[in-house]
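Comments concern the structure below.
Number of protein chains: 2
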Amino acid sequence: MKNFTWWNPTIVIFGEGVIPQIADQLAAVGAKSVLLVYGGKAVFKNGVYAQVTGALTEKGIAFPELGGVKSNPTIDKVREGVARVKASMVDAVVPIGGGSVFDTAKAIAAGAFYGGDVWDLFEGKASELERALPVFGVLTASATSSEVNNIAVVSNPEKSSKTSFTSPFIFPRVSIIDPSVQFSLSEDQTVNGGIDVMIHVMERLFGGAPDVELMDELGYALVRSMMKIIPGLRMDPENYAARAQYAWAASVAHNGFLSCGREERGDFSSHKLGHSLSLLFNTPHGASLSVMMPAWARYLYGEYPVPFARFAEAVFGVGVGGEEDMAIEGIERLESFFRSLGAPTTLRELGVKEGDIERLAENAAQFAPFGVLKSLETEDITEIYKLAY
Amino acid sequence: MKNFTWWNPTIVIFGEGVIPQIADQLAAVGAKSVLLVYGGKAVFKNGVYAQVTGALTEKGIAFPELGGVKSNPTIDKVREGVARVKASMVDAVVPIGGGSVFDTAKAIAAGAFYGGDVWDLFEGKASELERALPVFGVLTASATSSEVNNIAVVSNPEKSSKTSFTSPFIFPRVSIIDPSVQFSLSEDQTVNGGIDVMIHVMERLFGGAPDVELMDELGYALVRSMMKIIPGLRMDPENYAARAQYAWAASVAHNGFLSCGREERGDFSSHKLGHSLSLLFNTPHGASLSVMMPAWARYLYGEYPVPFARFAEAVFGVGVGGEEDMAIEGIERLESFFRSLGAPTTLRELGVKEGDIERLAENAAQFAPFGVLKSLETEDITEIYKLAY
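Residue numbers (the working numbering), protein chains in the order written: chain A, 837 to 1225; chain B, 837 to 1225.
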């Protein structure tokens, strides 16, 4: 195990009927006015907007609004939010939505006290932050763990860049998770989010760290659980027990805990390769991962069979043959599982043409070299996109 | 899943060579003087006392000392510490030791700002607390998770009571865990601590909660890991990878996470039955549990076979037969495992006489009814001690 620091100060209030507590939590810290951040129509349809604004009104808390956050959120919306909070100082930023809305709100909260352009934080200046507005959020779609971590991921289309920054100041102070409001998520959202959760764990399992068998076992357990939960929700999307376990697994997968003791806290090459797909083709995050993680694994299992073989055994019960045979069988079974959910496993299914591969590789290579199991250079990246095609 | 709130603000700094960071952390909050709390000679032998006091001296932080905390710590020592911090106000309490030292320090920290006798906190007054001194600790023996939770367990021999209180104010602010200082723990300490860790998880697994399969899977994974780590450390006590995973498993087992979604956060009858053994016979905590958990399970598996059968399957691979058969086979295998470690599984081995059973049952029954899987009354408690004999 590598040395590590574990700290996650977010208060999670979890369960059916807990949403109005957002206002109690804000009132407890004396908030008088908050910037309410959300996406599109979903929060009106699922009743969360009404629950939150009703509770805020009851406590006398004003809530200027910033709607229209899109999935794969962009820096423009963050800048718009920063201008708003700088013009009329609010006491907190309150995302109500999924990971994109939380990411946007966290970036706004950080930008509120930052002198320069907020995009600078994504280009290495986040260590200059000394404070941020507190974030109190209500989660309506579980997947990214943004509700419980110190990461914000945002796209900058002008710079053809989708990237992230981390800061201890952007852990949400309070995150409210009522799994029952996720009954209305579409099958696609449920599948994409679930794949994101599984791959958050695999980025760690395939990170090649020694002496973390304990953390590996916890990771395998989480992946196996998700492989039962996701198909169950496709059959029965209003099953509370399954929605609740899905939501909690999603929060745990990427709140930092499963990184404890690992080299650089996980590999995350598949995420970076997927970000270029999201940026250039607006591919949903989960779909970008169900394509890129297997391709990345196929590219590397011959050179590094051990983590893939162990995964094959622990998750799929693959138990005979040499390490390479086990590894490839695990990768194939993972792809089959994704396909069984209706998720894509090739670039072709995403509408990407063979001629686009170079553009994708160039985009991803702006962050190269990256990766822990193997540090990927531009030529590796191109080969992986070819394998994904 | 039941509704829950998850919050654990402790900063854990984990790894080889991290102990001097205690002084940096204290200096960062402006501490000038701290009460250093420890037990016996161990912290001198393993070098931790020298490391901590050296680092404090370097930062100019004074450290009045309170040594002599015993395992199964008593309220007298807590009262002594409270008197000390009230007489010459310090900025923090700094335990260096295992769970007993942390429990004592946390109770002192709470007593510092409490008007009445500190034992009142253990008798239901903890909700009156409005603050506590911050606790910054260095852990030297992993087992109880006291370094990362909001619980303090202390004995009051005059009242024949070993009990606990919880308060959000007694989460340690910072806990430093260097697994390499645990190389010098005795085999008995390693085994007892490891059993404590396993049973912290089982208290949750056997708590009979519905719709927490995800949390169960994580718990089974932790138990299976400990069952590899403990025997490994008996063979090779200076194996850093094993010590590190043991230490981190111990912290995770009882930091509250594995309780999320469960009824009353776990059963904990075996702990309460074991506390009477520790109190009346000074039985080490782990040994009290290796005796009482199997007896408790034997008493209940006929009426509630499901959690025991699932455990048998997930941990021991027991896969044939009816639920009751699987359940008892799992319990027997658990006892065999404890015996393979040299741990006791009967009261007789602890020197308890048949005539002591009534006294034990009376002592435990002062807290009755207790338990989640089954709420235990006095007659149940007596029967369980008889089974344990």
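Here a beta-carbon is modelled for each residue, glycine too, at the ideal position from N, C-alpha and C.
Please compile the residues from chain A whose C-beta is within a distance smaller than 7 Å of the C-beta of residue i.
{"i": "Asn839 (chain B)", "result": "Phe850, Gly851, Glu852 and Val854"}
{"i": "Ser1061 (chain B)", "result": "Glu1049, Leu1050 and Glu1053"}
Using a Cβ cut-off of 8 Å, pull out every chain E residue sitting near residue i, in sequence order please.
{"i": "Leu1058 (chain A)", "result": "The question asks about chain E, but that chain is absent: this structure's protein chains are A and B."}
Assuming contact is defined by CB atoms lying nearer than 8 Å, are residue i and residue j in contact in what I supplied?
{"i": "Val870 (chain B)", "j": "Val930 (chain B)", "result": "yes"}
{"i": "Val984 (chain A)", "j": "Ser1087 (chain A)", "result": "yes"}
{"i": "Tyr1056 (chain B)", "j": "Ala1150 (chain B)", "result": "yes"}
{"i": "Pro1008 (chain A)", "j": "Phe972 (chain A)", "result": "yes"}
{"i": "Val990 (chain A)", "j": "Ile932 (chain A)", "result": "no"}
{"i": "Ala928 (chain A)", "j": "Ala863 (chain A)", "result": "no"}
{"i": "Val926 (chain B)", "j": "Pro900 (chain B)", "result": "yes"}
{"i": "Asn1091 (chain A)", "j": "Asn844 (chain A)", "result": "yes"}
{"i": "Ala1179 (chain A)", "j": "Ala1123 (chain A)", "result": "yes"}
{"i": "Val954 (chain A)", "j": "Arg915 (chain A)", "result": "yes"}
{"i": "Ala1204 (chain A)", "j": "Glu1213 (chain A)", "result": "yes"}
{"i": "Leu1125 (chain B)", "j": "Ser1112 (chain B)", "result": "no"}
{"i": "Gly935 (chain B)", "j": "Ser1011 (chain B)", "result": "no"}
{"i": "Asp912 (chain B)", "j": "Ala988 (chain B)", "result": "no"}
{"i": "Ala898 (chain B)", "j": "Ile858 (chain B)", "result": "no"}
{"i": "Leu957 (chain B)", "j": "Phe1001 (chain B)", "result": "yes"}
{"i": "Leu1136 (chain B)", "j": "Ile1217 (chain B)", "result": "no"}
{"i": "Val974 (chain A)", "j": "Val865 (chain A)", "result": "no"}
{"i": "Thr841 (chain A)", "j": "Ile847 (chain B)", "result": "yes"}
{"i": "Glu1171 (chain A)", "j": "Tyr1225 (chain A)", "result": "no"}
{"i": "Ala976 (chain B)", "j": "Val1027 (chain B)", "result": "Per the sequence presented here, residue 976 (chain B) reads as Thr, with Ala not at that position. No."}
{"i": "Val1156 (chain A)", "j": "Ala1148 (chain A)", "result": "no"}
Starting from the beta carbon of residue i, find every residue of chain A whose beta carbon is closer than 9 Å, and list them in chain order.
{"i": "Asp1047 (chain B)", "result": "Tyr1076, Ala1077, Ala1078, Ala1080 and Gln1081"}
Going along chain B in order, which residues have a C-beta closer than 8 Å to the C-beta of residue i?
{"i": "Ile847 (chain A)", "result": "Thr841, Trp842 and Trp843"}
Using a cut-off of 7 Å between C-beta atoms, extract the partners of residue i located in chain B.
{"i": "Gly1029 (chain A)", "result": "Under the 7 Å cutoff, chain B gives no residues; its nearest Cβ is about 15 Å from Gly1029 (chain A)."}
Tell me whether residue i counts as near the ligand FAD, meaning its Cβ is closer than 7 Å to at least one heavy atom of that ligand.
{"i": "Pro909 (chain B)", "result": "As far as ligands go, the structure on display features none, and thus does not contain the ligand FAD."}
Applying the 10 Å Cβ sphere with the 16-neighbour rule, what's the burial state of residue i?
{"i": "Ser910 (chain A)", "result": "Per the sequence shown, residue 910 (chain A) should be read as Thr rather than Ser. Buried: at least 16 other Cβ atoms inside 10 Å."}
{"i": "Val905 (chain B)", "result": "buried"}
{"i": "Asp836 (chain A)", "result": "Look at the range of chain A in this structure, 837 to 1225, and you will see that residue 836 (chain A) is not part of it."}
{"i": "Gly951 (chain A)", "result": "exposed"}
{"i": "Arg920 (chain A)", "result": "buried"}
{"i": "Thr1181 (chain A)", "result": "buried"}
{"i": "Met1038 (chain B)", "result": "buried"}
{"i": "Ala1089 (chain B)", "result": "buried"}
{"i": "Phe1019 (chain A)", "result": "exposed"}
{"i": "Ser978 (chain B)", "result": "buried"}
{"i": "Glu894 (chain A)", "result": "exposed"}
{"i": "Gln1025 (chain B)", "result": "buried"}
{"i": "Arg1079 (chain B)", "result": "buried"}
{"i": "Ala923 (chain B)", "result": "exposed"}
Residues of chain B with CB under 9 Å from residue i, in chain order?
{"i": "Gly947 (chain A)", "result": "Chain B residues near Gly947 (chain A): none, gap ~25 Å exceeds 9 Å."}
{"i": "Gly1097 (chain A)", "result": "Phe850, Gly851, Ala1080, Gln1081 and Trp1084"}
Give the interface partners of residue i over in chain A, defined as CB-CB distance under 8 Å, in chain order.
{"i": "Gly1153 (chain B)", "result": "The contacting residues do not exist; Gly1153 (chain B) stays about 12 Å from chain A at best."}
Counting pairs of beta carbons, one from the region 845–857 of chain B and one from the region 991–1003 of chain B, are three or more of them closer than 8 Å?
no
Check whether the region 1137–1144 of chain B touches the region 1158–1171 of chain B, counting contact only when three or more Cβ pairs, one atom from each stretch, lie closer than 8 Å.
Taking a cut-off of 8 Å for Cβ pairs, the region 1137–1144 of chain B and the region 1158–1171 of chain B touch, as three or more such pairs fall below it.
Does the region 1031–1051 of chain B come close enough to the region 1091–1111 of chain B to have 3 or more Cβ pairs within less than 8 Å?
yes
Kindly provide the ranges of any alpha helix (DSSP H) runs that are 4 or more residues long and lie completely inside the region 1100–1175 of chain B, ordered along the chain.
1105–1117, 1121–1136 and 1141–1152
Counting beta carbon pairs with one atom in the region 996–1006 of chain B and one in the region 1049–1068 of chain B, are three or more of them shorter than 8 Å?
no
Touching or not, the region 1195–1213 of chain B and the region 1166–1182 of chain B, by the rule of three or more beta carbon pairs under 8 Å?
no
List, from N- to C-terminal side, the beta strand (DSSP E) runs of 3 residues or more that fit wholly inside the region 996–1048 of chain B.
997–1002 and 1010–1013
In the region 918–1006 of chain A, which residue ranges form an unbroken alpha helix (DSSP H) of at least 4 residues, counting only runs that do not cross its ends?
Whole alpha helix (DSSP H) segments, 4+ residues: 935–947.
At least 3 beta-carbon pairs within less than 8 Å: the region 1108–1117 of chain A vs the region 1185–1199 of chain A:
yes
Length at least 3, wholly inside the region 848–881 of chain A: the beta strand (DSSP E) runs in chain order:
Runs of the beta strand (DSSP E) spanning 3 or more residues and lying entirely within the region 848–881 of chain A occur at 870–873, in chain order.
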